[in-house]
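In the numbering used here, each residue carries its 1-based index in the sequence shown increased by 840.
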Amino acid sequence: MKYAKGIKYSLSFVALLYILGICFVPFVKPLKYNWTAWLVFGIYLLNLVFLWAIDGKKTTIMDDKEEATKEAKISQELLRDRNKWIV
Numbered sequence: 841m842k843y844a845k846g847i848k849y850s851l852s853f854v855a856l857l858y859i860l861g862i863c864f865v866p867f868v869k870p871l872k873y874n875w876t877a878w879l880v881f882g883i884y885l886l887n888l889v890f891l892w893a894i895d896g897k898k899t900t901i902m903d904d905k906e907e908a909t910k911e912a913k914i915s916q917e918l919l920r921d922r923n924k925w926i927v
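Printed below as a string of C-alpha cells:
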C-alpha cells in the first residue's frame, strides 16, 4: 500500500495542475468554457475522492487485537463455566 499513497498524491497534483493550467496557461484557456472538459474533470475528481475514501482511516494496532482476543478467551471461559452449572 506504499504505492497507493504515491498514486493518490500524484493524481491530486495532476488535478491541481489542470485547474492552474486552465486559469493561467493561454493555450488551455478554451477548456475553461467547454462543458465536456468540466464533465470529464468532475468524473476524475469523483474517482479521486473515492480513492481517498478507500484508503481512509485504517488504523490497526496490534495491541488492541491482542487485548480483544484475550477478552474473548476470558468471556468464552466464563460462558463455559456458567453452562456447566445450567446443565
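Yeah, the Cβ is synthetic: ideal placement off N, Cα and C, and Gly gets one too.
Remember, predicted model here, so these are calculated numbers, not experimental data.
Backbone CA spacing between TYR843 and ALA855 [nearest angstrom] = 18 Å
TODO: Kindly list the residues whose CB is nearer than 7 Å to the CB of LEU857, restricted to its own chain and excluding five residues on each side of it in sequence; keep chain order.
DONE: none
- Item | Host alpha helix (DSSP H) of LEU886 (start-end) | First-last of the alpha helix (DSSP H) with LEU886: 875-894.
CB of VAL868 within 7 Å of CB of ILE862, strictly
yes
query = Who are the near neighbours of ILE847 in its chain, counting only those whose CB is closer than 8 Å to its CB and skipping five residues on each side?
reply = LEU891
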